[in-house]
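The listed protein sequences derive, respectively, from chains A and B.
For the first sequence, the working numbering assigns the number 1 to the initial residue and increments by one for each residue that follows.
For the second sequence, the working numbering assigns the number 686 to the initial residue and increments by one for each residue that follows.
Think of the CB as a built atom: it goes at the ideal place given N, C-alpha and C, for glycine as much as any other residue.
Down below is the structure, laid out as structure tokens.
Protein chains: 2
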Amino acid sequence: MAHPDMPPAPWTPLAPGVWSCTFGSPEGTPPLTLLGTTPDRAGLEALGGAPFPLDPAQITMQAVGRRTIVRLPLEAGDPVFGLGLQFVRTNHRGRTRHLRVNSDPKEDTGETHAPVPFYITGSGYGVLVNTARIVTIHCASTVRRGESTQVRDRNRDRDWKSTPPASGVEIVLSAPGAEVLVFAGPTPLHAVRRYNLFCGGGCLPPRWGLGFWHRTPTRFTDEEVAAEADEYRRRGFPCDVVGLEPGWHTASYPCSYEWAPDRFPDPPAFVARMAAAGFRVNLWEHAWVSPRAAIHAALEPYAGSHTVWGGLAPDYTLPEARAILEAQHEEHHVAAGVSGYKLDECDGSELTGSSWMFPAHAEFPSGRDGEEMRQVYGLLLQQMTADLFRRHDRRTYGLVRASSTGASPLPYVLYTDLYDHRRFVRALCNSSFCGLLFSPEVRSAKEAADWVRRMQTVCFSPLAMLNAWSSGTKPWSFPEVEHIVRKYIELRMRLLPYFYSAFARYREDGTPPFRAMALLPGSSGDLALADDQYMAGDDLLVAPLFADQSERKVLLPPGDWYDFESGERFAGGSAVTVTRPLESIPVFVRDGGIVPLMPPLPHTPRAGDTVALEVRHYGRRPGRFRLYDDDGETFAFERGARRFIDLQVEVDAAGRRQGGVAAPGGVGGLNYDPVTWTFLGTGMD
Amino acid sequence: MAHPDMPPAPWTPLAPGVWSCTFGSPEGTPPLTLLGTTPDRAGLEALGGAPFPLDPAQITMQAVGRRTIVRLPLEAGDPVFGLGLQFVRTNHRGRTRHLRVNSDPKEDTGETHAPVPFYITGSGYGVLVNTARIVTIHCASTVRRGESTQVRDRNRDRDWKSTPPASGVEIVLSAPGAEVLVFAGPTPLHAVRRYNLFCGGGCLPPRWGLGFWHRTPTRFTDEEVAAEADEYRRRGFPCDVVGLEPGWHTASYPCSYEWAPDRFPDPPAFVARMAAAGFRVNLWEHAWVSPRAAIHAALEPYAGSHTVWGGLAPDYTLPEARAILEAQHEEHHVAAGVSGYKLDECDGSELTGSSWMFPAHAEFPSGRDGEEMRQVYGLLLQQMTADLFRRHDRRTYGLVRASSTGASPLPYVLYTDLYDHRRFVRALCNSSFCGLLFSPEVRSAKEAADWVRRMQTVCFSPLAMLNAWSSGTKPWSFPEVEHIVRKYIELRMRLLPYFYSAFARYREDGTPPFRAMALLPGSSGDLALADDQYMAGDDLLVAPLFADQSERKVLLPPGDWYDFESGERFAGGSAVTVTRPLESIPVFVRDGGIVPLMPPLPHTPRAGDTVALEVRHYGRRPGRFRLYDDDGETFAFERGARRFIDLQVEVDAAGRRQGGVAAPGGVGGLNYDPVTWTFLGTGMD
């Protein structure tokens, strides 16, 4: 019962299983254009074609005053996933999502650090609105007159809901049009992979990025930072990256980007000293340029009409503005050996009505307005800094607080001030739908159980970090559980070959390294809607426990599953209740799963280093794992300098298992020696 | 440092101290046009002229893309009041207010049940954006590049604020223009009075509207309602109005507007029976028309594109749609003797992303869109139902959950589901800036102290109501404090002559009957910013205590003040700390204040009834009170059938006080006999 003003528009195929249609007259620069996105055509071809997943005649556009509405059908009961880094729910069906960047995503409105107008249905296709404008998506939360729906009386019927069943998605653009892209399935994972590949493929962090991170407190000096890092070594806790928080600059709010000479008199020497101890240095910064910054005057002609905390908001869509910041960062940070950034505060909150960003009506020299710039500022900062390192043939990995469409290849991980463990896990699940990575960073804890449970989760995430900027905590801050925290930080290091390979797959075929259960092929019903458990790589199912729990329900997909630690078998296809002491996070391995582990080194090894490899196999089915490797630091892998090592387990008729290694070629990476095999899950129970 | 695209526009005087300027090309129908607002010219003339309060050259307009920005200067330190029914703060300086109707105003964004784009500065002028579109007002919360401001470093300076000092208000219109009106002072009260008079003057409720109200539980039958009302009489608690909640209709969510024959088999007989016992009947309803309603088919051609809970959203800007609803209401409710309505659910929330209203992109037959209709729906319902009663020469008084610009003459009081006592008091203060009335209704309480403190506040508000729709509470629900609750419900009834006169003044000269301290002439600094105390009429200062307090600080304006109960004198001009037992809410009377009281009758008297009058005078200064009276029920007062009785107290050189009554003429109202005088506050301490 839509009332289209226009006949259905034609859909243009852009790649196998990817189509585009421009509705009306788009406004502004869409993110994929702004980023200069180059689809990974080889990856998309490898994925293969698929039929257009919707009836084009049912996709209509209508102009209503200054709004444009694109309406798409939605099958009864089909869940709606995605829409960016959502914290409050996973299935958005029946909800209206207001996709505006906002640093304080407490409420269930859709606003978030990374509001991506891309949804994936449970039935297995994706819809992207390629616009930098704020989009409101009514996910079957509106009912048109004449549309068949169920009318209940709230006063007499307990099943009354404020949103009755509806049959369509209404995308509301405040602009006169936008490009819409459709990504075919057949499964939600296929749609997500097409999206990631269309955006250029997933990012591959440097190997050290998957080690453990620690952020030192605000206002620390070089000596204090070094002492805190040394303590990791003395106590034997692995750590690869130390992050500096506000106070390393001459001015931080707004930001100068210049080392404070009283705290960091010799930055290159400091970075070199840290490197010698096996630490990379990551720098916190944000986008608003202090009047005290040397580059302030140069940036002024390229800045927006409004200041933030008195700092400039440069228009980084302009090459001139980028060049100024990049030159400064190159000279003062990159040349000094810094490994990357934490890009804060690019997602200003409006929930309290105060001013954490320029307003939507600000003007920028490129002609863009504040609304558009707010939506893409995080993307611009990510791309600019990533490019900077790429020009030096160095991979970076960092943190960012705002992102959007097209971020899949950008080596940045989102974080938030929202510090709710359950919401963190949900966000980790949801991030996988939209080419985003999320870190459920640990900052502090009310008590030891909370501390442990958070540490366990973060060690199974894209970026395992203790952020002590305000709390001053350390992994051993709760002495009574120090051994448990050590176990998980060590496990993080041991899982490095596994996780690095998962990221290589993200890069190569768009499969998110950490992903929601809905992205497991065949997942449906409650399993697809699960928001408190997730897959880490292909073989591990992680079901975090929260501080108030000692047992929980886990939805195991069909097939046998094995406890990661004990090898105990669990029958899948239903919910199991598991009890675990504080010492253990429930992690399950699929039948035939292979998990390569290396020793818990103090920091990640470098290319050419020799490390032992323990290969674990679980269960009764044969298995295969493609262990990825390269130099871990540069982009040489893109030029072919990489290799895949095949780890295979055969199972004979008597159930005996045998492992084998095949390295069919390639160059770069670690020397794995010795390789040992551990077989868990007897399958005899 | 504004960058106007256009030269400053000319300001057209509309009335003494009121100017208009049309910026750009307004869109939609502004509320004052929609309401057909007729300014009270006589009242405005009586208020007299005043110079234009701003430098017109500093008021600029700029088009930025599809937004229009109107920029006005704001003096350093000048607070910004108003902007509708705000719950979280009183001074909006430094904040961005997003003035969108929203039923869940928990956050400090500006969204609320009644988002009025009208602000009043502490320096004493008002600015109204006369538009039905959503307006965002940056109240000195944005700083333009080049604008002088103070740059601090958050990392080194504890006084850092996310919003540095700014010098202007930026009004952001999503439409290509709007009419802006300026209301001169010289004081904030003058600006508010001009606004109210320009909107047609304040409302004068029927006398019974100022009695005590009780709402019975949902799904009650006629017999249950009558029994609950009888209990008020048996226990001797005054009560004038009984409100029916969902369940009196055949269908309520969506709404049929038709009496449920199983619960109310004979509505006229039920209303007559209630009337015989001295009760008026008020009906809960909302705007979304059930398919079960007889008028559904007739309204369908006039309804919006989207349904709400399966109900129609009629376009009540159309005379045809109004006529259908009005005829139904007239036949089924007004003819049956019903006194008025509680108009619920016209302010749909979006905070949880669910659908409590039609979306902003809905289309309506009049050509209006959902955004505009959302913003004015509450206004339309108020006007339609008020007109219905006016055609019968009956005044109504009721409740509504959404309102907007121009509501001053509409006999409706706002309420909210937000149940925080402190926020209730703040909203009561803030409502006075924008021609709104608010009831801090009592529903339930955690314990007796909370119950009492809420009851004390509501008895000093525009509508004193116990809303037991869900809780089933009664005034005697906490037996241990029943005597205190009785005292205050009785006091409400005793104060009726005082409050009725305050409303007459609202009607006549635009002075809000309950008002924020900032509207006290000469109020400034902390006193003007106070949000937990307010004036009730001209003479009473109410400083509610909250359940967790037994003492509090009260900011007394200069001069002497007297405790309402004991007459104890307090020196004003500073903060005093007062301690009160649960039995007492701190209420102070200004020096020379006169408070007329009548007996605590079971219900309000009718015209021609004879009631005793106790006139209290406080302090050392002579006083005068204009006691207003009329028939209390009809609009005859507009045709001259009203009178003012002058109550005067003279003080001789020895400090002796003498009261006198003068009734210079007029007709209608009560017979006050006997009139006794009580003099409190010796002034000898």
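What does a CB cutoff of less than 6 Å around E345(A) pick up in its chain, not counting 5 residues either side in sequence?
-> By one-based count along the first sequence, residue 345(A) stands at place 345. Hits under 6 Å: H286.
Close beta carbons around D1370(B), own chain, < 7 Å, minus the five adjacent residues each side = What you label residue 1370(B) is simply residue 685 of the second sequence in a count that begins at 1. Reliability of the predicted coordinates at D1370(B) is poor, the pLDDT of 43 falling under 50, and the value obtained from them is presented with this limitation in mind. Excluding residues within five positions, the ones whose Cβ falls inside 7 Å are R1254.
Where do the ends of the beta strand (DSSP E) carrying H899(B) lie?
-> Sequence index remark: in the second sequence, residue 899(B) carries index 214 (1-based). Where H899(B) is concerned, the enclosing beta strand (DSSP E) stretches over F897 to R900.
Pull out every residue of the region 739-756 of chain B whose Cβ sits closer than 8 Å to any Cβ of chain A, in chain order.
-> Flagged, chain order: V749, G750, R751, R752 and I754.
Measuring CB to CB, does R1139(B) end up less than 8 Å from H1106(B)?
-> The sequence position of residue 1139(B) within the second sequence is 454, counting from 1. The sequence position of residue 1106(B) within the second sequence is 421, counting from 1. Their beta carbons are under 8 Å apart, which means R1139(B) touches H1106(B) by this criterion.
Determine the extent of the beta strand (DSSP E) in which V1085(B) is found, giving its start and end residues.
-> Position 400 of the second sequence, counted from the start, is the residue given in the question as residue 1085(B). Start and end: G1083 to V1085.
Given S975(B), which residues of its chain have a CB within under 6 Å of its CB, disregarding the five upstream and five downstream residues?
-> Here the question's residue 975(B) lines up with position 290 in the second sequence. Cβ within range, chain order: A936, P939, C940, S941 and G996.
Closer than 8 Å, Cβ to any Cβ of chain A: which residues of the region 887-921 of chain B, in chain order?
-> T903 and R904
Kindly say whether D947(B), judged by its beta-carbon, lies nearer than 8 Å to any beta-carbon of chain A.
-> If you number the second sequence from 1, residue 947(B) lands on position 262. D947(B) does not count as touching chain A.
For W11(A), the three-state DSSP class (helix, strand or coil) = Residue mapping note: residue 11(A) aligns to position 11 of the first sequence, counting from 1. Correct three-state label for W11(A): coil.
Taking three-plus beta-carbon pairs below 8 Å as touching, is the region 1146-1154 of chain B in contact with the region 885-905 of chain B?
-> With the cut-off at 8 Å, the region 1146-1154 of chain B and the region 885-905 of chain B touch.
Out of curiosity, what's the CA-to-CA distance linking E916(B) and H1288(B)?
-> For the purposes of this step, residue 916(B) is identified with residue 231 of the second sequence, where counting begins at 1. For the purposes of this step, residue 1288(B) is identified with residue 603 of the second sequence, where counting begins at 1. Roughly 14 Å between the two C-alpha positions.
Mind checking if W451(A) is an interface residue toward chain B, Cβ cutoff 8 Å exclusive?
-> Taking the first sequence and counting its residues from 1, one reaches residue 451(A) at position 451. With 8 Å as the cut-off, W451(A) does not count as an interface residue toward chain B.
C824(B), enclosing alpha helix (DSSP H) - first and last residue | Along the second sequence, read from residue 1 onward, the residue named residue 824(B) stands at position 139. Under the DSSP assignment, C824(B) falls outside any alpha helix (DSSP H), being part of the beta strand (DSSP E) whose first and last residues are V820 to C824.
Pairwise C-alpha distance: S477(A) and F546(A) = Residue 546(A) sits at position 546 when you count from the first residue of the first sequence. Residue 477(A) sits at position 477 when you count from the first residue of the first sequence. If you take the alpha carbons of F546(A) and S477(A), they lie about 19 Å apart.
Return helix, strand or coil for A983(B), following the three-state DSSP convention.
-> As a first step, residue 983(B) must be located in the second sequence, where it is residue number 298. In the structure shown, A983(B) sits in a helix (DSSP, three-state: H, G or I).
Tell me, please, whether the CB atom of V854(B) is closer than 8 Å to any CB atom in chain A?
-> In the second sequence, residue 854(B) corresponds to position 169, counting from 1. So, not an interface residue.
Taking just the CA atoms, how far does R423(A) sit from P105(A)?
-> Reading the first sequence from its first residue, position 105 is the one you call residue 105(A). Reading the first sequence from its first residue, position 423 is the one you call residue 423(A). Cα to Cα, the separation comes out at about 11 Å.
So with Cβ pairs under 8 Å, would you call E320(A) a contact of chain B?
-> Counting from 1 along the first sequence, the entry for residue 320(A) is found at position 320. Not one chain B Cβ lies under 8 Å of E320(A).
State the Cα-Cα distance for the pair P557(A) and R395(A), rounded to the nearest angstrom.
-> For this step, residue 557(A) is matched to residue 557 along the first sequence. For this step, residue 395(A) is matched to residue 395 along the first sequence. Answer to the nearest angstrom: the Cα atoms are 36 Å apart.
Which two residues bound the contiguous alpha helix (DSSP H) that contains G655(A)?
-> As a first step, residue 655(A) must be located in the first sequence, where it is residue number 655. Here G655(A) belongs to no alpha helix (DSSP H), and DSSP marks it neither H nor E.
Is M686(B) helix, strand or coil by DSSP?
-> Position 1 of the second sequence, counted from the first residue, corresponds to residue 686(B). With a pLDDT of only 32 at M686(B), under 50, the local geometry of the prediction cannot be trusted, and no value is derived from it.
Helix, strand or coil: which one does DSSP assign to C1114(B)?
-> Taking the first residue of the second sequence as 1, we reach residue 1114(B) at position 429. It is helical.
With 8 Å as the threshold, decide whether the Cβ of G795(B) is near any Cβ in chain A.
-> The sequence position of residue 795(B) within the second sequence is 110, counting from 1. Closer than 8 Å to some Cβ of chain A, the Cβ of G795(B) qualifies, so yes.
Nonlocal neighbours in the same chain, by C-beta distance under 7 Å from F1380(B), ignoring five residues either side | Any question about residue 1380(B) goes unanswered here, given that chain B covers just 686 to 1370.
Candidates A571(A), L414(A), P165(A) and A612(A), of which the one nearest G619(A) by Cα | In the first sequence, counting from the first residue as 1, residue 619(A) sits at position 619. The shortest Cα separation from G619(A) among A571(A), L414(A), P165(A) and A612(A) belongs to A571(A).
Minimum Cβ-Cβ distance from P689(B) to chain A less than 8 Å = The residue labelled residue 689(B) in the question sits at position 4 within the second sequence. Confidence is the limiting factor: at P689(B) the pLDDT is only 45, short of 50, which leaves the residue's position unreliable, though a coordinate-based value still follows. Not an interface residue.
What residue ranges within the region 944-976 of chain B form continuous alpha helix (DSSP H) runs of no fewer than 4 residues, ordered along the chain?
-> Counting only runs of 4 or more, we get 952-961.
N815(B), DSSP secondary structure in three states | For this step, residue 815(B) is matched to residue 130 along the second sequence. Of the three classes helix, strand and coil, the one that applies to N815(B) here is strand, per DSSP.
Please compile the residues from chain A whose C-beta is within a distance smaller than 8 Å of the C-beta of P698(B).
-> If you number the second sequence from 1, residue 698(B) lands on position 13. Correct list: empty, because the minimum Cβ distance to chain A is about 30 Å.
Report yes if the CB atom of P1206(B) is closer than 8 Å to the CB atom of T834(B), and no otherwise.
-> Position 521 of the second sequence, counting from 1, holds the residue named residue 1206(B). Position 149 of the second sequence, counting from 1, holds the residue named residue 834(B). Not a contact, by the Cβ cut-off of 8 Å.
Under 8 Å between C-beta atoms, does Y316(A) make it to chain B?
-> Along the first sequence, read from residue 1 onward, the residue named residue 316(A) stands at position 316. No, its Cβ sits nowhere closer than 8 Å to a Cβ of chain B.
Proximity test, Cβ basis, 8 Å: P686(A) and chain B | Here chain A covers residues 1 to 685 and nothing more, so residue 686(A) does not appear.
D417(A) to V400(A) span [Cα, whole Å] | One-based indexing of the first sequence puts residue 417(A) at position 417. One-based indexing of the first sequence puts residue 400(A) at position 400. Computed Cα separation, rounded: 12 Å.
Give the DSSP-derived three-state secondary structure of L1151(B) in the structure shown.
-> The residue given as residue 1151(B) occupies position 466 in the second sequence. Residue state, collapsed to three classes: strand.
Start and end of the beta strand (DSSP E) containing V615(A)?
-> Residue numbering aside, residue 615(A) sits at position 615 when the first sequence is read from its first letter. Taken as a continuous stretch (DSSP letters only), the beta strand (DSSP E) holding V615(A) covers T610 to Y618.
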